[in-house]
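Enquirer: Numbering (our numbering), first residue to last: 429 to 775.
All residues carry an ideal CB built from backbone N, CA and C; glycine is no exception.
Quick one: this structure, given as C-alpha cells, is what I'll be asking you about.
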Amino acid sequence: DDWHVHVRDAELMASVLRFSTYTSRQMLLMPNLVPPLTTEEMVAEYLSRVGIQHLKDWVIAPPTRFYAALFLHRTTSARDIRNAAINPMIISGKFYPDGGTTNSSSQLTSPRDLRLEVLEAMEEVGMVLCLHGEVVEAEEPDPLLREVAFIKYLDWLVTNFPKLKIVVEHVSDRRMVHHVLNLPETVAMTITSHHPFLTHTDALNDPHCNCMPVAKTETDRECLASTVLTAAWTPKIISGTDTAPHPVPDKKAGKAGVWSAGVHASVLWDHFATSGGDDKFEAFVAFTSGNGARFYGLEMSPEMRGEITFVRQRWQVPEIYEGIVPWKAGEILDWRVKGMEWFGITA
Ligand code: NCD
Ligand code: ZN
C-alpha cells in the first residue's frame with residue numbers, strides 16, 4: 429500500500445502511474461492538482477481519469493484500489509464533506525497550509541481556519557483528516573522549524589475533536605515523531621521512503637532531493653530510519669511515499685517533490701534487510717501494508733493484496749524517464765523488485 433501518492437494528471441500521469449501500480453495494490457491519491465480537487469464531483473472525475481490510464485498501462489491491469497483525499501479549502505463546508513463521504517473512495521480530507529508546498533492555495537493558515545462544522549462533520553462521518561503538518565511561511569520563515577511549530581495546532585485538533593482520525597503526513601522532525609507516538613490512537617503518521625535517508629544538506633545540494641517538508645538534521649534522519657523499523661509493534665507508523673514527480677524544468681524552477689515511485693520499494697527493503705532486527709519481514713509488511721490499511725479500516729484479503737518479490741541484484745537507476753528525474757538517478761541499488769524493468773528503459 430501507499431498512503432500518500434501524487435500521480436498528477438494528463439501526460440505526467442501517463443508517465444508515472446504505472447510505477448505506483450507496479451508496487452501497490454491500494455493507494456491514497458493527493459488532491460493538489462490545478463485546480464485543486466475540492467468537491468466530490470472533481471474527485472470522482474479525477475478517479476475515473478486515473479482508472480482509464482491504469483487500464484491503458486497494462487495488458488492485464490493489476491486489481492488496484494485508488495482512494496483519494498478531498499482538498500480542504502477555507503470555503504469548504506460540512507455539506508461538501510458529507511457529499512464527499514458518500515463516495516466510498518474518498519476516505520480523507522487533506523489540509524495544506526496556504527502556499528506551503530506544490531499547489532497548496534487553500535487560504536488556510538492553520539487548521540483553525542477551517543470551519544468548525546467541517547471538522548465536526550469529518551469526525552461524525554469518520555473521514556480521516558490528513559495534515560500537511562507545517563505552519564505557513566509568515567508564521568515561521570525557517571523551513572526547518574515549520575513542522576515543530578505545527579504541534580500546537582495538532583494538539584488543538586486532538587483536544588477539541590477527540591474522535592477525529594488524524595494522519596500527520598510525511599513527518600520529518602524527530603519532535604513531531606515523538607509527539608505523535610504519545611498522542612491517542614486516533615492519531616497516526618506517514619513516513620516517506622526518502623526522509624529516513626536524507627538531510628537538509630542533501631536537499632540543498634540536489635534539487636531532486638528537495639521536498640516539503642524539507643529533510644532535516646542527521647538526528648532527525650536517524651530517528652526516522654529507526655522508527656520505521658519498529659512498525660511491527662507500533663501501528664501508528666504508516667508508509668506514505670509522497671512520490672511527487674515534476675518535469676525537469678519545474679524542478680529547476682524550485683518545485684518541491686521527490687519522484688520515488690520507481691525506486692522506493694528497493695530502497696526501503698534494503699534498509700529493513702540491512703538494519704532491521706529479527707522481525708524485519710513483519711516490520712516491513714506492517715509498515716508498507718498492514719498498519720495503514722488497519723488505520724483506514726481498509727484491510728485487503730490476502731488474494732487481493734498480492735505479493736512483491738525482491739531479488740538481490742545490483743541495478744542502476746536510470747538518469748531520466750520521460751522527462752522526469754527519479755530519486756537516486758544514476759545510483760546503483762542492491763535490490764530489484766522482480767519484474768520491474770522500468771518499462772523498457774535501462775541506464
Ligand atoms: C508535493 C507535490 O509536489 O505535490 N511536494 C512535496 O515536496 N512533497 C506536495 C506535498 O506533499 O507537500
Ligand atoms: Zn505529498
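#1: Report buried or exposed for Leu483, applying the criterion of at least 16 other Cβ atoms within 10 angstroms of its Cβ.
#2: If you drop the 5 nearest sequence neighbours on each side, which residues of the same chain put their C-beta closer than 6 Å to that of Glu650?
#3: Any chance the region 517–524 sits against the region 548–566, with 3 or more Cβ pairs inside 8 Å?
#4: Cβ atoms of Leu461 and Trp431: under 7 Å apart, would you say?
#5: Mind checking which residues open and close the beta strand (DSSP E) that includes Gly767?
#6: Label Gln741 either buried or exposed according to how many other C-beta atoms from any shown protein chain fall within 10 Å of its C-beta, with 16 as the threshold for buried.
#7: Leaving out the 5 sequence neighbours to the left and right, which residues in its chain are closer than 7 Å to Met728 when beta-carbon positions are compared?
#8: Report buried or exposed for Trp486, applying the criterion of at least 16 other Cβ atoms within 10 angstroms of its Cβ.
#9: As a quick exercise: from Glu439, Val435, Phe589, Met458, pick the residue whose alpha carbon is nearest that of Thr449.
#10: Count the other C-beta atoms from every protein chain shown that fall within 10 angstroms of the C-beta of Leu632, then say buried if there are 16 or more, exposed otherwise.
#11: First and last residue of the alpha helix (DSSP H) that includes Ile509?
#12: With the ligand ZN as the reference, list in chain order each residue whose Cβ lies under 6 Å from any of its heavy atoms.
#13: Does the ligand NCD have a heavy atom nearer than 6 Å to the CB of Ala472?
#14: By how many angstroms is the C-alpha of Thr620 removed from the C-alpha of Ala442?
#15: Kindly examine the ligand NCD and report whether one of its heavy atoms sits closer than 6 Å to the Cβ of Cys639.
#16: For the region 540–571, which segments carrying the beta strand (DSSP E) assignment without a break, of at least 3 residues, lie completely within its bounds, in sequence order?
#17: Given this structure, state the Cα-to-Cα distance separating Glu597 from Thr618, to the nearest angstrom.
#18: Below 8 Å on the Cβ atoms is my contact criterion, and I expect Arg764 with Val739 to pass it. Report the Cβ-Cβ distance as a whole number of Å.
#19: Tell me whether Thr737, by its Cβ, gets closer than 6 Å to a heavy atom of the ligand NCD.
#20: If you draw a straight line from the alpha carbon of Val563 to that of Ile488, how long is it in whole angstroms?
#21: Could you tell me the alpha carbon to alpha carbon distance between His623 and Ser600, rounded to whole angstroms?
#22: Going straight from the alpha carbon of Ser532 to that of Arg540, what length do you get?
#23: Considering only the alpha carbon of each residue, which of Glu473, Arg543, Leu536 lies closest to Ser505?
#24: If we call anything under 7 Å between Cβ atoms a contact, is Asp429 one with Ser717?
#25: Distance, Cα to Cα, Glu567 vs Glu735?
#26: What number of angstroms, rounded off, separates the C-alpha of Phe625 from the C-alpha of Leu440?
#27: Hey, Val586 and Leu611 are a contact pair by Cβ (cut 8 Å); roughly how many whole angstroms apart?
#28: Return the CA-CA distance between Ser538 and Tyr581, expressed in angstroms with no decimal places.
#29: Might you give, ordered along the chain, the residues of its own chain that have their beta carbon closer than 7 Å to the beta carbon of His692, omitting 5 neighbours on each side?
#30: For Glu747, which residues of its own chain have a beta-carbon under 8 Å away from its beta-carbon, when the five flanking residues on both sides are left out?
#31: What does the Cβ neighbour count give for Gln535, buried or exposed, with the cut at 16 atoms within 10 Å?
#32: Which whole runs of the beta strand (DSSP E) in the region 711–760 are 3 residues long or more, in chain order?
#33: Report the CB separation of Leu498 from Thr466 in whole angstroms; it is logged as a contact under 8 Å.
Expert: Reading off the structure:
#1: Mapped onto the sequence shown, residue 483 falls at position 55. Counting Cβ neighbours within 10 Å, Leu483 comes out exposed, since fewer than 16 surround it.
#2: Mapped onto the sequence shown, residue 650 falls at position 222. Excluding residues within five positions, none has a Cβ falling inside 6 Å.
#3: yes
#4: Counting from 1 along the sequence shown, the entry for residue 431 is found at position 3. Counting from 1 along the sequence shown, the entry for residue 461 is found at position 33. For Trp431 and Leu461, no; Cβs fall outside 7 Å.
#5: In the sequence shown, counting from the first residue as 1, residue 767 sits at position 339. From DSSP, Gly767 is part of no beta strand (DSSP E); its letter is neither H nor E.
#6: As a first step, residue 741 must be located in the sequence shown, where it is residue number 313. With fewer than 16 other Cβ atoms within 10 Å, it is exposed.
#7: Counted from its first residue, the sequence shown places residue 728 at position 300. So the list reads Arg453, Gln454, Ala721, once near-sequence residues are dropped.
#8: Residue numbering aside, residue 486 sits at position 58 when the sequence shown is read from its first letter. Exposed, because fewer than 16 other Cβ atoms sit within 10 Å of the Cβ of Trp486.
#9: Position 21 of the sequence shown, counting from 1, holds the residue named residue 449. Nearest C-alpha to Thr449: Val435.
#10: Here the question's residue 632 lines up with position 204 in the sequence shown. Per the 10 Å Cβ criterion, exposed.
#11: Locating residue 509 in the sequence shown gives position 81, counting from the first residue. Run containing Ile509: 506–514, per the alpha helix (DSSP H) assignment.
#12: His432, His434, Met458, Asp670, Ala672
#13: Translated into positions along the sequence shown, residue 472 becomes position 44. No; taking the cut-off as 6 Å, the Cβ of Ala472 has no heavy atom of the ligand NCD nearer than that.
#14: Locating residue 442 in the sequence shown gives position 14, where the first residue counts as 1. Locating residue 620 in the sequence shown gives position 192, where the first residue counts as 1. Roughly 23 Å separates the two Cα atoms.
#15: Here residue 639 refers to the residue found at position 211 when the sequence shown is read from its first residue. Yes, the Cβ of Cys639 comes within 6 Å of a heavy atom of the ligand NCD.
#16: 556–559
#17: Taking the first residue of the sequence shown as 1, we reach residue 597 at position 169. Taking the first residue of the sequence shown as 1, we reach residue 618 at position 190. The alpha-carbon atoms of Glu597 and Thr618 are separated by roughly 5 Å.
#18: Counting from 1 along the sequence shown, the entry for residue 764 is found at position 336. Counting from 1 along the sequence shown, the entry for residue 739 is found at position 311. Confirmed, Cβ separation roughly 5 Å.
#19: Translated into positions along the sequence shown, residue 737 becomes position 309. False, no ligand heavy atom lies under 6 Å from that Cβ.
#20: Position 135 of the sequence shown, counted from the first residue, corresponds to residue 563. Position 60 of the sequence shown, counted from the first residue, corresponds to residue 488. Distance between the alpha carbons of Val563 and Ile488 is about 44 Å.
#21: Within the sequence shown, residue 623 is the residue found at index 195, counting from 1. Within the sequence shown, residue 600 is the residue found at index 172, counting from 1. If I take the Cα positions, the gap works out to 6 Å.
#22: Within the sequence shown, the letter at position 104 stands for residue 532. Within the sequence shown, the letter at position 112 stands for residue 540. So the alpha carbons of these two residues sit roughly 16 Å apart.
#23: Within the sequence shown, numbered from 1, the residue matching residue 505 stands at position 77. That would be Arg543, whose Cα lies nearest to the Cα of Ser505.
#24: Within the sequence shown, the letter at position 1 stands for residue 429. Within the sequence shown, the letter at position 289 stands for residue 717. It is a contact, given that the beta carbons lie within the stated cut-off.
#25: Translated into the one-based positions of the sequence shown, residue 567 becomes position 139. Translated into the one-based positions of the sequence shown, residue 735 becomes position 307. Those two C-alpha atoms are separated by around 45 Å.
#26: Here residue 625 corresponds to residue number 197 of the sequence shown, with the count starting at 1. Here residue 440 corresponds to residue number 12 of the sequence shown, with the count starting at 1. Going by the C-alpha atoms only, they are around 26 Å apart.
#27: Here residue 586 is taken as the residue at index 158 of the sequence shown, counted from 1. Here residue 611 is taken as the residue at index 183 of the sequence shown, counted from 1. Contact flag correct, Cβ pair sits at about 6 Å.
#28: Against the sequence shown, residue 538 aligns to sequence position 110. Against the sequence shown, residue 581 aligns to sequence position 153. The alpha-carbon atoms of Ser538 and Tyr581 are separated by roughly 7 Å.
#29: One-based indexing of the sequence shown puts residue 692 at position 264. The answer, listed in chain order, is Ser621, Thr669, Thr671.
#30: Position 319 of the sequence shown holds residue 747. Counting only Cβ-Cβ distances below 8 Å, and skipping sequence neighbours, we find Val753, Ala757, Gly758, Ala775.
#31: Within the sequence shown, the letter at position 107 stands for residue 535. Exposed is the call here.
#32: 738–744
#33: Within the sequence shown, the letter at position 70 stands for residue 498. Within the sequence shown, the letter at position 38 stands for residue 466. The pair is a contact, with the Cβ atoms about 7 Å apart (cut-off 8 Å).
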